[in-house]
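Reminder that position 236 of the sequence shown reads as 236 in UniProt numbering, one-by-one numbering, no gaps.
For each residue, glycine too, the CB sits at the ideal point set by N, CA and C.
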Amino acid sequence: MENLWKTRKAPAPLSWNEATFHAGDAMNDDENDIKAFEMKVWPISKCAKVFSETVSVLKKELQGKNFLVWDKDDKSGMDFVTACANIRASIFSIPNKSRFEIKSIAGNIIPAIATANAMIAGLVVLYAFRVLAGEYDRCPSIYLRAKSIHSKFILAADKQITKANPVCYVCSPKPFVNIFVNTEQMSVKELENEVLKKHLNMVAPDAVLDGKGIVVISSEEGETEANDNKKLKEIGIVDGSILKCDDFLQNYELTVHVNHYEAKEKEDPLFKVVANPEDLKAKEMTNGNGTATEEKKQEQESNEDDVMIVDRHQDGDIEDDPQEGSSSKKRKINPKDEDDDLCIIDD
Numbered sequence: 001m002e003n004l005w006k007t008r009k010a011p012a013p014l015s016w017n018e019a020t021f022h023a024g025d026a027m028n029d030d031e032n033d034i035k036a037f038e039m040k041v042w043p044i045s046k047c048a049k050v051f052s053e054t055v056s057v058l059k060k061e062l063q064g065k066n067f068l069v070w071d072k073d074d075k076s077g078m079d080f081v082t083a084c085a086n087i088r089a090s091i092f093s094i095p096n097k098s099r100f101e102i103k104s105i106a107g108n109i110i111p112a113i114a115t116a117n118a119m120i121a122g123l124v125v126l127y128a129f130r131v132l133a134g135e136y137d138r139c140p141s142i143y144l145r146a147k148s149i150h151s152k153f154i155l156a157a158d159k160q161i162t163k164a165n166p167v168c169y170v171c172s173p174k175p176f177v178n179i180f181v182n183t184e185q186m187s188v189k190e191l192e193n194e195v196l197k198k199h200l201n202m203v204a205p206d207a208v209l210d211g212k213g214i215v216v217i218s219s220e221e222g223e224t225e226a227n228d229n230k231k232l233k234e235i236g237i238v239d240g241s242i243l244k245c246d247d248f249l250q251n252y253e254l255t256v257h258v259n260h261y262e263a264k265e266k267e268d269p270l271f272k273v274v275a276n277p278e279d280l281k282a283k284e285m286t287n288g289n290g291t292a293t294e295e296k297k298q299e300q301e302s303n304e305d306d307v308m309i310v311d312r313h314q315d316g317d318i319e320d321d322p323q324e325g326s327s328s329k330k331r332k333i334n335p336k337d338e339d340d341d342l343c344i345i346d347d
């Protein structure tokens with residue numbers, strides 16, 4: 001609340017005495033002057049007086065009833081709304097409006113209960129009851145359509161529930177996993193190697209702290225080395241934190257919910273992973289129709305080769321293969337792994 005009113009004027013409380021004897025208020029109280037009563041902005045003292053009078057009138061009307069029905073053409077009701085709106089606007093330094101202007105606003109808002117949006121909103125609430133009851137098979141899509149002159153709208157329901165589109169960002173499943181770790185003792189490097197790689201089947205993980213945008217782990221070499229020896233708590237990963245993880249080398253994304261956990265006995269595991277095994281698998285690349293692309297399959301097969309043949313000229317330059325493109329576009333070889341591959345060099 002301290003920062004809420006730094007760039008704008010804070011609301012000023014208005015006492016009843018200040019409202020009824022507001023300085024500088026001068027207006028003819030003759031209600032027979034329709035133009036002045038409807039079109040001119042009431043001063044605060046006038047609003048306070050009308051508020052007091054209409055509350056008494058509405059209280060009498062409520063006697064013997066459970067509720068009052070709003071009608072913008074009801075004088076007492078409209079006077080009450082006008083007085084309340086202007087008093088509240090005055091407190092928040094908002095320009096006051098005439099009775100006529102407020103009536104036009106109130107008249108547009110109240111009938112909204114009969115609009116198409118409100119009808120759909122009501123259906124959403126009814127469907128919420130079915131969802132809470134677990135009756136998902138009773139939640140088909142319903143469309144509001146124009147019908148005829150005699151019946152303007154008709155609600156049309158699908159006979160079958162539409163299946164979620166697997167390639168839709170909203171409808172597609174969002175795999176998630178719960179991990180129970182000691183956020184005060186586990187380091188970021190241990191999280192990467194022991195949890196993400198060994199247990200969650202990631203190869204080159206990237207992890208971002210959701211809500212803060214902090215890159216905790218990066219597949220780009222050297223980008224997050226400074227975080228390796230830091231404890232999870234030091235970098236902001238605590239109980240309830242969420243990590244958005246994806247694998248650079250696989251079509252594999254995962255939402256990781258972090259829970260603080262302390263092993264009580266020596267035989268207790270250092271951490272726990274709770275997940276659906278089906279969620280811990282990389283997805284096949286699709287072409288939009290739900291089928292894997294042939295290019296991706298060929299690319300995966302080519303990446304499995306352990307032998308790389310490199311042709312060189314006599315001057316030592318690498319010859320560009322016309323089919324492979326320039327050397328700058330070829331797959332880069334990690335210098336640390338050069339002993340692991342067999343390289344055949346033709347002189």
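Is the region 235–251 touching the region 209–226 in the sense that three or more CB pairs, one from each, lie closer than 8 Å? These segments touch.
As assigned by DSSP and simplified to three states, the class of T54: Residue state, collapsed to three classes: helix.
Note the first and the last residue of the continuous beta strand (DSSP E) segment covering A207. Unbroken beta strand (DSSP E) run through A207: 205–209.
Report the option in K266, L4, F176 whose CA atom is closest to the CA atom of N276. Residue nearest to N276 within the set K266, L4, F176 is F176 (criterion: CA-CA distance).
Span of the beta strand (DSSP E) holding D247? Where D247 is concerned, the enclosing beta strand (DSSP E) stretches over 242–247.
Proximity below 7 Å, CB of residue 348 to CB of T162: Absent from the structure is residue 348, since the part of the chain shown begins at 1 and ends at 347.
Work out the CA separation of A282 and E234 for me, nearest whole Å. Going from the Cα of E234 to the Cα of A282 covers about 30 Å.
With which residues is D4 paired in a DSSP beta bridge? According to the sequence as given, residue 4 is Leu; it is not Asp. DSSP lists no beta-bridge partner residue for L4.
By the 10 Å Cβ neighbour count, where 16 or more other Cβ atoms means buried, how is T54 classified, buried or exposed? It is buried - the Cβ of T54 has at least 16 other Cβ atoms within 10 Å.
Three-state secondary structure assigned by DSSP to Y252: Looking at Y252 - three-state DSSP - the assignment turns out to be coil, as it is neither helix nor strand.
Closest by CA to D71, which one among K65, F80, Q63? It is F80 whose Cα lies nearest to the Cα of D71.
Between the CA atoms of M119 and C139 - distance to the nearest angstrom: Straight-line measurement puts the Cα of M119 at about 16 Å from the Cα of C139.
May I have the straight-line CA-CA distance separating K103 from G77, to the nearest angstrom? Rounded to the nearest whole angstrom, the C-alpha separation of K103 and G77 is 10 Å.
Can you give me the start and stop residues for the beta strand (DSSP E) that Y143 sits inside? 142–146 is the span of the beta strand (DSSP E), which, as asked, contains Y143.
From the DSSP secondary-structure annotation, give me the bridge partner or partners of E178. According to the sequence as given, residue 178 is Asn; it is not Glu. For N178, which the question treats as bridged, DSSP gives the partners H257, V274.
Among I105, L144, K197, H260, the one whose alpha carbon lies nearest that of I179: With distances taken between Cα atoms, I179 lies closest to H260.
Have a look at C245 and A10 and give me their C-alpha separation to the nearest angstrom. CA-to-CA, the gap between C245 and A10 works out to about 43 Å.
Is it buried or exposed for R8, if we count other Cβ within 10 angstroms and need 16 for buried? Taking a 10 Å sphere around the C-beta of R8, we find fewer than 16 other C-beta atoms and assign the residue as exposed.
Given Q185 as reference, the closest of H257, L232, I142, V195 once Cα atoms are compared: Nearest of H257, L232, I142, V195 to Q185, Cα basis: L232.
Between which two residues does the beta strand (DSSP E) harbouring I217 extend? Counting along the chain, the beta strand (DSSP E) containing I217 begins and ends at 214–217.
Element boundaries [alpha helix (DSSP H), containing V69]: Segment: none, V69 is in no alpha helix (DSSP H) and carries neither H nor E.
Using the Cα positions of I44 and A89, report the straight-line distance between them to the nearest angstrom. Distance between I44 and A89, taken at the CA atoms: about 10 Å.
Out of V273, K230, E265, point me to the one whose CA is closest to T255's CA. For T255, the nearest C-alpha among the options comes from V273.
According to DSSP, is A12 part of a helix, a strand, or is it coil? When DSSP states are grouped into helix, strand and coil, A12 belongs to the coil group.
Assuming V258 and V181 make a contact with CB atoms under 8 Å, what is their CB distance in whole Å? With 8 Å as the limit, V258 and V181 qualify as a contact, their Cβ atoms being about 7 Å apart.
Give the range of the alpha helix (DSSP H) segment to which V131 is assigned. It spans 116–132 - the alpha helix (DSSP H) in which V131 sits, taken as one unbroken run.
Take L14 and list the residues in its own chain whose beta-carbon comes closer than 8 Å to its own, dropping the five residues that flank it on each side. Answer for L14: I44, I87, S90, I91, listed in chain order.
Could you tell me whether any Cβ in chain B is nearer than 7 Å to the Cβ of I120? Here chain B cannot be found, since the structure has a single protein chain.
Let me make sure I understand the geometry here. Which of G222, S172, E101, S141 has the alpha-carbon closest to that of E253? Nearest option by C-alpha distance: S172.
Whole-angstrom C-beta distance between D247 and P205, which should lie under 8 Å: Between the beta-carbon of P205 and that of D247 there is about 6 Å, and that keeps the pair under the 8 Å contact cut.
K197 - DSSP class collapsed to helix/strand/coil: In the three-state reduction of the DSSP assignment, K197 falls in the helix class, which pools H, G and I.
Pop quiz: T20 and K49 are said to be a contact at Cβ under 8 Å. What is the actual Cβ separation, rounded to whole angstroms? That belief holds up - the Cβ atoms of T20 and K49 are roughly 7 Å apart, short of 8 Å.
Who are K266's beta bridge partners in DSSP? In DSSP, K266 forms no bridge with anything.
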